[in-house]
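Protein chains in written order, with the numbering used here: chain L, 1172 to 1885; chain X, 29 to 401.
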C-alpha cells in the first residue's frame, strides 16, 4: 500500500499549554517529512475527526498518526476502517507523567511522535488469513457438563458431535441416588430430589443437531481450529469428522480410596461417598458387614483431600454431597448423621443448603481433625478426632463411616484430546493446576493452551452440578466464538480483533526449532525435515515466535522486529552524561494499562524513560537490546506479567520466556563490554500502577550508578 | 478451652437433641460454634466459660454434660449472646431450655415434672386444688355466696388452709431436698471437682448476692430485667414476711382476720402485693419488648409468669372487693387466688419457681469448687 501519512496533534487536555506544539508540527513536516501535519484543540470531537476524514478525501491520507491520548480511550472516535491508525499517547506519557513545559516533556512528546510515525512507515494494513472452515463443535464427555454444552451450542444453531466413553449418556449423575436441592422453604421442602438426568439425555439424543457417539473415544485430533480432523473410535470402528472447535468436558473420577487405609478404608463398614450412593439406591441404608440398617453414620470430610500426601486441593462438592447424604440417613427419623469436618465449604448459594441441612436435629456437624478410624464392638466403628471444638481428642461411635473422597480430573493422566501436535497430545503444564485443564481464572475462563479447545466442568475445576452447567454454557460460547473468528480470519482471545498472522520469510529459516518449542499454543508444527510450518488457526498472535527467532524472519503486517528496532533507534539519546536514556518495553496487557492508570493518577515518571508497547514480552527479540545499547541507550527495562504459578501472562508463557532469554543476554552485553545490570525485567500486575513510579525510579537510579553507556555519542 | 474430654467416647443422643428443641431451644441447630456468645457474655467465669460449650454439648446430644453442669445456672439469661449471635442460634434460650430440663431431671416425682412442663396437662394440674378447695367449701355446707360482712373464713376456715397449704409446702420442700441432693451429687461427678470450704459461708454469700442481684446487674441487652426481677424477689420476701406475721397474730395473739388497714402487717402485705403486681407486669413488658433480641420464651416461662400475675391480681382484688363489699365477686376471686397459690406452692419443684432452689444450689456448688471465677 502506498502510504500517505497524516500526523494530527491534539492540543486539548492541556497538551497545547504543556508542550510547544508548533515545534512538533515543524519536526513532523521537516524532519519526519510527513505530508500532512495538523493540530487541533479537540481531535476527538466531531470537528477534529471531521478534519481527519476531510484530509482522507481531499489529500488522500490513508495512514493516520494521532498524537493525543492513550489508545485505550477514544478508540471509537479514532476508528478509520481501511486506514492504518497509530495512536501516540502524548497526553499520558509526555504531559501527565512529566513536568509540563519542561525540556523533558517536550523531548518526550517529540520522541513518542517520532516513534509513532516510524511505526506506521514500517507497518502495513493487515489482511485476514482465510481458509476453508467448518463450524461444528466437538464435545468430549456426555455428562451433565458435556450434554449442557452440546444443547447450548445446538440451540445457538451449531452442529455438535458428542463423544461419550460409556455406553450411555449421563456421566456421573447416573451413579447418584438423589441430588441436593436448595429448598425454597427450609421448613417444608426436602433437601434431596431426583436428578432428572433422563430428561437431559432425551433432549440430547433427540436433538437433530447433535450427533452422539457412545462407547467412544477420540483417537486423534489433527489440524487447527475451524478445520480439526478428529478420528473417533466407537465400538470397534473409526470415523474421522471435521470439527471447528472443541469443548472438553471429560469430567472426573473419584480418588482411589484404597490409599486411605488410615481412615479405615478396607474395613467392611467404611465406604466412600460414591459407594454410599450405591447403598442408598438400594433403599434403606444397610451397612455392608451385616445388612443392618445404619442409624449412626459418620461422614469424614476431606478424606484424602487438602492433604499433601493425597489430593492437595479441595474438591468443592464433597461438603454438599455429605450434607445431601445425611438426608439419605435421615429418611429414617430415628437415625442420625454426624458430619466431621475441617471446614464446611458450600460455595455460593449452597450456603442456604447448608443452613437448611444444619437445622435438622439429626444432623450433627462438628469441626475437628479426623486422625483415624478403628473398630468397635458389633461391627461399629470409632472415629478418632483431635482438635475438636472441646479441645481434646474424642472418639465418636458410629455404625458406619462414609469417607468424603475427592475428585481427580480425567486429564490428570490421560491426554484425552490426542492432539497430533509437535508439542504433544495433551494440554501442557497441567501440573500447575494439579492435572485440571484449567487456566488463569481471572482472564481466561474455559481457555486452554490449545486454541479452539475450551474446558468446562470438573475436568477444569472441582465444582458441583449447577456450576458445571454454567461452565458448559460459557465454554460452548467460547467454542462458538472460536469457529466464528477463525472463519473471518481473526484471532481469538486475548487479541480477539487482530487480523494479522505470522508470516515467516522461510528462505532464511535454519530449522533451529526454537519457535516450535516455545510457542505457548503449539501453533507451529514441523515437517519431516524439521522445518517449521504454522497452523495459523491455532495462533493467538502473541509473537513469541518473533522474539524467539534468531534469524528474525517472523513478522506480522503491523508488528515485526525491524519495526520495533527502528522505533527504539529513533529515540533521542541526550549527550549530557547526567541524563540517561532508558527504553521500557511494556506488555500491552498488564504493564501498559498499569502505566496508563499511573498517568491518570498523575504519577510522575522519571524523564529518562521511553515506553514502547509490545504484544507480549514473549515477542522481545534480543537484537533490540543490542540495537539500543549500541546506540548509547543506558539501560532497558522489560515490564511484563507475572509468570509461574498464578501466572497472569495473557499468553501463558510470554513473560517467562522473556525472562529466560534475558538470562542469555549476558553474551550480547559481554560482546559490547556492557554491564548485565543495564537490562532488567519486572513482573507487574495491572493493579500495581501505584508502584510504577518508584519501580522505574529505582531502575533508573541503578543504571545511573553503573554510569553512562560508553557508546553514548558514537 | 474448657475441660479436656480426652479419650471420651461420644455417642450423640438424637432424642436429647430433639428434647432440647422441644423445650424451647428450637434454634439450637443453627449454631456454627463461632463463640461470639461466650465473648459477649458479661456473667461467664473466665476458666470454664459458657454458653459456647453448652451449645456444643447440646448439639452433640451430650445429655449428662449438660444436666450435671452448674454453669447453666451462672447464666441469668441476659440474652447478650442471643442478641449478638450471627446465626440466630439464641444460646440464651437454649440454656433456658437446659435449665428447664435440669429441673425436670432432678425433681421428684418425675411424672409431675413432665406434666408441669407440658401444656396439655395444665387443666389436670389445676383440677387438684380446685377439687380440694371445693371439697372444703362443700364440706362446710356452703352452697352459695355467704351473706353479711365479707369474711373469707366463712367459706375457707383457717385450719383447712393451714392443712392444705402446709401439706403442699412440705411436699415441695421434701421434693426440693431430694432434688438438691441428687443434683449436688451429679455436679460432683460432672465437674470432677470436690466442694471445699465452709458451706454455710458460701450459702450466705450466694444469698447476699441474690439480695443485691449483683450478677444479674451485669447484663447489658436486657438490663431492666434485673430491676423487675428484684422487685418481684422483694415482693415475695415481703409476702413471706406477711404470712409469718399473720401466723404469729393468729396463733400467738389469737387475733382473727380480717385485720384493719392501719395494721403494720397489713401495710407490709399491701405494699408487697402492689410491688409484686408492678414487678411481674414489668417482667412481662420487658419480655415482650425484648422478644426480638432475646427470644420469646417457652410455655414453661410463661406458665410461671402467668401464675404469679394471676396470684397478684386476684390477691389484690380479693382485698378490694372485700372492702367494696361486692360479695358476689369477692368470694370467687378469693377462690381463684387460693387455687393459684396452691398451684405455685405444690408445683414449685417442677415449675420455673424451682429456679430459685437450683440456682442457689448451683451457685453454692460453683463457689465451693471455685468454678465461679
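All residues carry an ideal CB built from backbone N, CA and C; glycine is no exception.
Find the residues of chain X that neighbour residue 1507(L), judging by a C-beta separation of less than 7 Å, and give them in chain order. Taking the first chain and counting its residues from 1, the one referred to as residue 1507(L) is at position 336. Within 7 Å Cβ-Cβ: 40 and 42.
Distance between beta carbons of residue 69(X) and residue 115(X), contact taken as under 8 Å: Taking the second chain and counting its residues from 1, the one referred to as residue 115(X) is at position 87. Taking the second chain and counting its residues from 1, the one referred to as residue 69(X) is at position 41. No, residue 115(X) and residue 69(X) are not in contact; Cβ-Cβ is about 16 Å, not under 8 Å.
Classification of residue 1623(L) by the beta-carbon crowding that lies within 10 angstroms, buried from 16 upward: Translated into positions along the first chain, residue 1623(L) becomes position 452. The residue in question, residue 1623(L), is buried, as its Cβ has 16 or more Cβ neighbours within 10 Å.
Spell out the partners DSSP gives residue 1399(L) in its beta bridges. For this step, residue 1399(L) is matched to residue 228 along the first chain. 1394(L) and 1414(L), per the DSSP bridge assignment.
How about residue 126(X): is its C-beta nearer than 9 Å to some C-beta of chain L? Within the second chain, numbered from 1, the residue matching residue 126(X) stands at position 98. Not an interface residue.
For a cutoff of 9 Å on Cβ pairs, would you count residue 1467(L) as touching chain X? Looking up residue 1467(L) in the first chain gives position 296. So, interface residue.
Endpoints, the beta strand (DSSP E) within which residue 1642(L) is located: Along the first chain, read from residue 1 onward, the residue named residue 1642(L) stands at position 471. Careful: residue 1642(L) lies outside any beta strand (DSSP E), inside the alpha helix (DSSP H) at 1636-1659.
If you follow the beta strand (DSSP E) that residue 88(X) is part of, which residue opens it and which one closes it? As a working note, residue 88(X) is residue 60 in the second chain. That residue, residue 88(X), is in no beta strand (DSSP E); its alpha helix (DSSP H) goes 80-88.
State buried or exposed for residue 1298(L), treating a residue as buried only when at least 16 other CB atoms are found within 10 Å of its CB. As a first step, residue 1298(L) must be located in the first chain, where it is residue number 127. Label assigned to residue 1298(L): exposed.
Quick check: the Cα distance between residue 1395(L) and residue 1656(L), rounded to an integer number of angstroms? Here residue 1395(L) is taken as the residue at index 224 of the first chain, counted from 1. Here residue 1656(L) is taken as the residue at index 485 of the first chain, counted from 1. When rounded, the distance between both Cα atoms is 13 Å.
Are any of the Cβ atoms in chain L nearer than 9 Å to that of residue 57(X)? One-based indexing of the second chain puts residue 57(X) at position 29. True, the Cβ-Cβ gap to chain L drops below 9 Å.
With respect to the alpha helix (DSSP H) encompassing residue 1226(L), which residues constitute its N-terminal and C-terminal limits? The sequence position of residue 1226(L) within the first chain is 55, counting from 1. Run containing residue 1226(L): 1217-1229, per the alpha helix (DSSP H) assignment.
Tell me which residues share the same chain as residue 1884(L) and place their Cβ nearer than 7 Å to its Cβ, disregarding the 5 neighbours each side in the sequence. Residue mapping note: residue 1884(L) aligns to position 713 of the first chain, counting from 1. Correct list, in chain order: 1746 and 1803.
For residue 81(X), go through chain L and note every residue whose CB falls closer than 9 Å to its CB, in chain order. In the second chain, residue 81(X) corresponds to position 53, counting from 1. The contacting residues are 1560 and 1561.
Taking Cβ positions, are residue 247(X) and residue 126(X) nearer each other than 9 Å? Mapped onto the second chain, residue 247(X) falls at position 219. Mapped onto the second chain, residue 126(X) falls at position 98. In this structure, residue 126(X) does not lie closer than 9 Å to residue 247(X) by Cβ.
Taking residue 1324(L) as the reference, give the member of 1291(L), 1380(L) and 1848(L) with the closest Cα. What you label residue 1324(L) is simply residue 153 of the first chain in a count that begins at 1. Checked all of 1291(L), 1380(L) and 1848(L); the closest Cα to residue 1324(L) is 1380(L).
For the 8 Å Cβ check, are there 3 or more pairs between the segment 1403-1411 of chain L and the segment 1514-1533 of chain L? no
Residue 1696(L) - partner residues in DSSP beta bridges: Here residue 1696(L) corresponds to residue number 525 of the first chain, with the count starting at 1. For residue 1696(L), which the question treats as bridged, DSSP gives the partners 1704(L).
Would you be able to state if there are at least three C-beta pairs under 8 Å between the segment 1750-1758 of chain L and the segment 1796-1816 of chain L? yes
So, for residue 1443(L): in the same chain, excluding its five sequence neighbours on each side, which residues have a beta-carbon less than 6 Å away from its beta-carbon? In the first chain, counting from the first residue as 1, residue 1443(L) sits at position 272. Excluding positions up to five away in sequence, the list reads 1428, 1574 and 1576.
Rounded separation between residue 1630(L) and residue 1792(L) - CA only: On the first chain, residue 1630(L) is found 459 positions in, with the first residue counted as 1. On the first chain, residue 1792(L) is found 621 positions in, with the first residue counted as 1. If I take the Cα positions, the gap works out to 36 Å.
Straight-line gap, residue 1532(L) to residue 1509(L) (C-alpha atoms, nearest Å): Taking the first residue of the first chain as 1, we reach residue 1532(L) at position 361. Taking the first residue of the first chain as 1, we reach residue 1509(L) at position 338. If I take the Cα positions, the gap works out to 11 Å.
Please compile the residues from chain X whose C-beta is within a distance smaller than 8 Å of the C-beta of residue 1566(L). Position 395 of the first chain holds residue 1566(L). Under the 8 Å cutoff, chain X gives 35, 36, 37 and 38.
Secondary structure at residue 383(X), three-state DSSP: helix, strand or coil? Taking the second chain and counting its residues from 1, the one referred to as residue 383(X) is at position 355. If DSSP states are grouped into helix, strand and coil, residue 383(X) belongs with the helices.
Below 8 Å between beta carbons is the criterion; list the residues of the segment 87-114 of chain X that meet it against any residue of chain L, in chain order. 87, 88 and 89
Cβ-based burial, residue 471(X) [other Cβ within 10 Å; buried from 16]: As shown, chain X starts at 29 and ends at 401. That puts residue 471(X) outside it, with no answer to give.
By the DSSP assignment, the alpha helix (DSSP H) with residue 1373(L) in it spans what residues? Position 202 of the first chain, counted from the start, is the residue given in the question as residue 1373(L). 1368-1376 is the span of the alpha helix (DSSP H), which, as asked, contains residue 1373(L).
Residue 1538(L) versus chain X: which residues are under 8 Å apart at the beta carbon? Counted from its first residue, the first chain places residue 1538(L) at position 367. Per Cβ cutoff of 8 Å: 61.
Chain L contact for residue 123(X) (CB, 9 Å cutoff): In the second chain, the residue the question calls residue 123(X) occupies position 95. Taking Cβ atoms only, chain L never reaches closer than 9 Å to residue 123(X), which makes this a no.
Supposed close pair residue 1215(L), residue 1234(L) - CB separation, criterion 8 Å: In the first chain, residue 1215(L) corresponds to position 44, counting from 1. In the first chain, residue 1234(L) corresponds to position 63, counting from 1. No, residue 1215(L) and residue 1234(L) are not in contact; Cβ-Cβ is about 19 Å, not under 8 Å.
Which chain A residues are close to residue 220(X), counting only those with a beta carbon under 7 Å from its beta carbon? Going by chain labels, chain A is absent from the structure shown, which instead holds the protein chains L and X.
Proximity winner among 55(X), 109(X) and 238(X), relative to residue 385(X) (alpha-carbon distances): Stepping through the second chain from its first residue, residue 385(X) is reached at position 357. Of the candidates 55(X), 109(X) and 238(X), the one whose C-alpha sits nearest the C-alpha of residue 385(X) is 238(X).
Anything in chain L within Cβ reach of residue 84(X), meaning under 7 Å, just list it in chain order. Position 56 of the second chain holds residue 84(X). Residues of chain L passing the Cβ test: 1560 and 1561.
Classify residue 353(X): buried if its beta carbon has 16 or more other beta carbons within 10 angstroms, exposed otherwise. Against the second chain, residue 353(X) aligns to sequence position 325. Classification of residue 353(X): exposed, given that the 10 Å Cβ count is below 16.
What are the uninterrupted segments assigned as beta strand (DSSP E) that are 3 or more residues long and contained completely in the segment 1306-1376 of chain L, given in chain order? 1308-1311 and 1331-1334
Which residues in chain L sit within 7 Å of residue 338(X), going by Cβ to Cβ distance? Taking the first residue of the second chain as 1, we reach residue 338(X) at position 310. Under the 7 Å cutoff, chain L gives no residues; its nearest Cβ is about 34 Å from residue 338(X).
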